[in-house]
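Here's the structure, in structure tokens; my notes come after.
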Amino acid sequence: MTIQTFTTPATPPIEFGTDASAVRAHMPAVAAVAEEHIAALARICPTDSSHADRAEHGRDWWPLAMRWALAGETPQMPGAVCRPRATAEVSAVLAYCNDNRISVTASGGRSGVCGAAIPVNGGIALDMTSMQGIDSIDTVSGIVCALAGTFGPDLEDAARSHGLTIGHYPQSVAISTVGGWVACRGAGQYSTRYGKIEDMVHALEVVMADGTVVRTGGAPAGAVGPDLTQLILGSEGTLGVVTRVWLRAHPLPEVERRAAYSFAGLSDGFEACRRAIRNGASPAVLRLYDGAESKRSHGGDGTEAVLLVLDEGTETVVDAAMSVTHDACMSMGARVLDTDLVEKWVHHRNDTSALQALTRKGYVVDTMEVAANWALLDDIVEQVETAMLAVPHARAATCHLSHSYIEGACVYFTFAANPPEDEFEETYRALWSAGQTAAIAAGANLSHHHGVGHSRASFMRQALGNGLDVLAAVKKALDPNGILNPGKLGL
Ligand SMILES: Cc1cc2nc3c(=O)[nH]c(=O)nc-3n(C[C@H](O)[C@H](O)[C@H](O)COP(=O)(O)OP(=O)(O)OC[C@H]3O[C@@H](n4cnc5c(N)ncnc54)[C@H](O)[C@@H]3O)c2cc1C
95 MTIQTFTTPA
105 TPPIEFGTDA
115 SAVRAHMPAV
125 AAVAEEHIAA
135 LARICPTDSS
145 HADRAEHGRD
155 WWPLAMRWAL
165 AGETPQMPGA
175 VCRPRATAEV
185 SAVLAYCNDN
195 RISVTASGGR
205 SGVCGAAIPV
215 NGGIALDMTS
225 MQGIDSIDTV
235 SGIVCALAGT
245 FGPDLEDAAR
255 SHGLTIGHYP
265 QSVAISTVGG
275 WVACRGAGQY
285 STRYGKIEDM
295 VHALEVVMAD
305 GTVVRTGGAP
315 AGAVGPDLTQ
325 LILGSEGTLG
335 VVTRVWLRAH
345 PLPEVERRAA
355 YSFAGLSDGF
365 EACRRAIRNG
375 ASPAVLRLYD
385 GAESKRSHGG
395 DGTEAVLLVL
405 DEGTETVVDA
415 AMSVTHDACM
425 SMGARVLDTD
435 LVEKWVHHRN
445 DTSALQALTR
455 KGYVVDTMEV
465 AANWALLDDI
475 VEQVETAMLA
485 VPHARAATCH
495 LSHSYIEGAC
505 VYFTFAANPP
515 EDEFEETYRA
525 LWSAGQTAAI
535 AAGANLSHHH
545 GVGHSRASFM
555 RQALGNGLDV
565 LAAVKKALDP
575 NGILNPGKLG
585 L
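Heads up: take any position in the sequence shown, counting from 1, add 94, and you land on our numbering.
Here it is, written out as structure tokens:
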């Protein structure tokens, strides 16, 4: 049935500071998975219990996990790594684990930055990257069906070979999978035109905790009770394991247009973006950087905010979007900049080597993305940056707008600190607590696209209030034995 298969390997986040076979778990020890269970799972699908493989599957790109890796530690060791090759194998693994109360933590590229793929309770890591491929492409309706472990470039190349694009380009596109995008409700850099992943999913195949295989969606829209596809989106492997994803695809763009502007400050730039969006423009890329980030990446005096605009699609539509955006910018006193800035961004947008270099040098460095209504953005930026900079050893807290919607936007903070060695973790956690608490208090949500995982779980009550009890009830109903990715999403 699969029309194209791939074997892209997952890329480790950072080298361990020691041989992977000597790596220790950082979190408190958990019960081992009994040999008889590992043997039974190995009869279902390839299963590896080597120390090095388990150590790799104990971590993702969460900055504290990267820090611990440099010291020869992984957050937690799963008892074994299972690599199912088909939905039937996923189903059999889950049924077995459910019957035997073994925790199952699904993983894709392990590019998550909140520790969502860390098997905090041990159990098994369910590595989905042996399920890579394209099942079908419907060029009339524009629907691509991919196996969950398919990596971003393979998916997009396959779509393009049929004159289509998915248009989902997270910065981690090369190291993340379709299943991981769905599980974390991710967003790509061209989201203002193509939407977030939840806008792109047409249907899902999901394996529930007891091994039952369910299909959701399958029509362009519906009124068939609550949308089960949306229930699974963002569930971070806690409600089911995604095995197949049907994605909406668009015709390849006819044209691309670019523009760049600068504003007296971030607030004027926010207002220009708001006016553009509310007047009906949805350019694929609308990225506005505060003074510090503009100076660092695009030049400027440290106060001016730079806006990069890029759109693609049908010529008439794109020209209209660029024109509406231009008018909105000029109405806020913008200065037109050279489009070379957009060219530079296009080429460097996925390069995170500078952040990894800072991690190696012992800096605390991380990002926090939240979404909020337009009316609240100025205040949120001020509250979050003030709170973060008040944390001892904080060095920087900067912001850019990365995704826009009719009623608001995602604001993305980058923060850094330079604490003494023995205060690293305390400083890291204090920065998160200060920033996240200030953001929620000022009206933002908890996360726009990185998800919750392990690192943000403690903020879920603050973020959802008694909505968290509703989520917990759903979890209890769908996974009564609590085997699926325990300890995540604040559940
Ligand atoms: C440098 C960098 C840049 C990034 N940029 C972006 C960005 O622009 N936009 C964005 O949205 N994110 C971004 N991220 C975060 C990350 O790439 C996304 O969260 C991505 O969706 C994770 O996919 P993954 O395959 O790596 O999933 P993993 O990290 O392996 O897993 C993440 C979560 O999904 C669950 N999961 C994985 N596969 C399945 C499955 N098949 N079924 C059920 N649950 C599953 C896991 O259990 C875990 O809870 C970035 C990360 C890095 C390191």
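Quick reminder that beta carbons are idealized off the backbone N, C-alpha and C, glycines included.
* To do: Compute the Euclidean distance between the alpha carbons of R287 and H392, then round it to the nearest angstrom.
  => The count along the sequence shown starts at 1 and reaches residue 287 at position 193. The count along the sequence shown starts at 1 and reaches residue 392 at position 298. Between the C-alpha atoms of R287 and H392 there is a straight-line separation of about 24 Å.
* Asked: Any heavy atom of ligand 1 closer than 7 Å to the CB of E330?
  -> Counting from 1 along the sequence shown, the entry for residue 330 is found at position 236. Answer for E330: yes, Cβ within range of ligand 1.
* L558 and K569 closer than 8 Å at C-beta -> Working through the sequence shown from its first residue, we reach residue 558 at position 464. Working through the sequence shown from its first residue, we reach residue 569 at position 475. Not in contact: L558 and K569 (Cβ atoms no closer than 8 Å).
* Asked: Taking the alpha-carbon positions, what's the S417 to G502 distance?
  -> Position 323 of the sequence shown, counting from 1, holds the residue named residue 417. Position 408 of the sequence shown, counting from 1, holds the residue named residue 502. Their backbone Cα atoms lie some 21 Å apart in a straight line.
* Asked: Regarding G206 and ligand 1, is the C-beta to nearest heavy atom distance less than 7 Å?
  -> Reading the sequence shown from its first residue, position 112 is the one you call residue 206. Annotation for G206 indicates a beta carbon within 7 Å of some heavy atom of ligand 1.
* Can the beta-carbon of E330 be found less than 8 Å from the beta-carbon of G561? -> Position 236 of the sequence shown, counting from 1, holds the residue named residue 330. Position 467 of the sequence shown, counting from 1, holds the residue named residue 561. Not in contact: E330 and G561 (Cβ atoms no closer than 8 Å).
* Nearest candidate by alpha-carbon position, reference G203, set I212, E167, G274, L220 -> As a position in the sequence shown, residue 203 is number 109, starting the count at 1. Put simply, of I212, E167, G274, L220 the residue whose alpha carbon is nearest the alpha carbon of G203 is G274.
* Leaving out five residues on either side along the sequence, give the residues of the same chain with a beta carbon under 7 Å from the beta carbon of I260. => By one-based count along the sequence shown, residue 260 stands at place 166. Correct list, in chain order: V238, L249, E250, A253, M294, L341, A343.
* Whether A189 touches L135 by CB criterion (8 Å) -> Position 95 of the sequence shown, counted from the first residue, corresponds to residue 189. Position 41 of the sequence shown, counted from the first residue, corresponds to residue 135. Taking 8 Å as the Cβ cut-off, A189 and L135 do not qualify as a contacting pair.
* Asked: Is there at least one non-hydrogen atom of ligand 1 closer than 7 Å to the beta-carbon of C139?
  -> Within the sequence shown, residue 139 is the residue found at index 45, counting from 1. Answer for C139: no, Cβ out of range of ligand 1.
* Beta-carbon proximity list for P213, same chain, < 6 Å, skipping 5 on both sides -> The residue given as residue 213 occupies position 119 in the sequence shown. So the qualifying residues of the chain are Q170, P172, T199, A219.
* To do: Would you be able to state if there are at least three C-beta pairs under 8 Å between the region 345-361 and the region 418-433?
  => Here the region 418-433 makes contact with the region 345-361; the two share three or more CB pairs at distances below 8 Å.
* Asked: Exposed or buried, what is K455 when buried is set at 16 or more other beta-carbons lying within 10 Å of its beta-carbon?
  -> Here residue 455 refers to the residue found at position 361 of the sequence shown. Flag for K455 reads exposed.
* Asked: For V505 versus A491, is the C-beta spacing smaller than 8 Å?
  -> Translated into the one-based positions of the sequence shown, residue 505 becomes position 411. Translated into the one-based positions of the sequence shown, residue 491 becomes position 397. Note that the C-beta distance between V505 and A491 is not below 8 Å.
* Asked: In the structure shown, what three-state DSSP assignment does D405 receive?
  -> The residue given as residue 405 occupies position 311 in the sequence shown. Strand.
* **Spatially closest choice to E463 from D193, F509, G111, by CA coordinates** => The residue you call residue 463 lines up with position 369 of the sequence shown. Considering only alpha carbons, the answer is F509.
* Asked: Hey, which unbroken runs of the beta strand (DSSP E) at 3 residues or more fall wholly within the region 343-428?
  -> You should have 349-357, 379-383, 399-407.
* In the DSSP assignment, find the beta strand (DSSP E) that holds H497 and state where it starts and stops. => Stepping through the sequence shown from its first residue, residue 497 is reached at position 403. Run containing H497: 488-498, per the beta strand (DSSP E) assignment.
* **Outcome for N192 when other beta-carbon atoms lying within 10 angstroms are tallied against a minimum of 16** => Indexing the sequence shown from 1 puts residue 192 at position 98. Label assigned to N192: buried.
* Asked: Taking three-plus beta-carbon pairs below 8 Å as touching, is the region 470-486 in contact with the region 519-529?
  -> Counting Cβ pairs under 8 Å, three or more are found: they touch.
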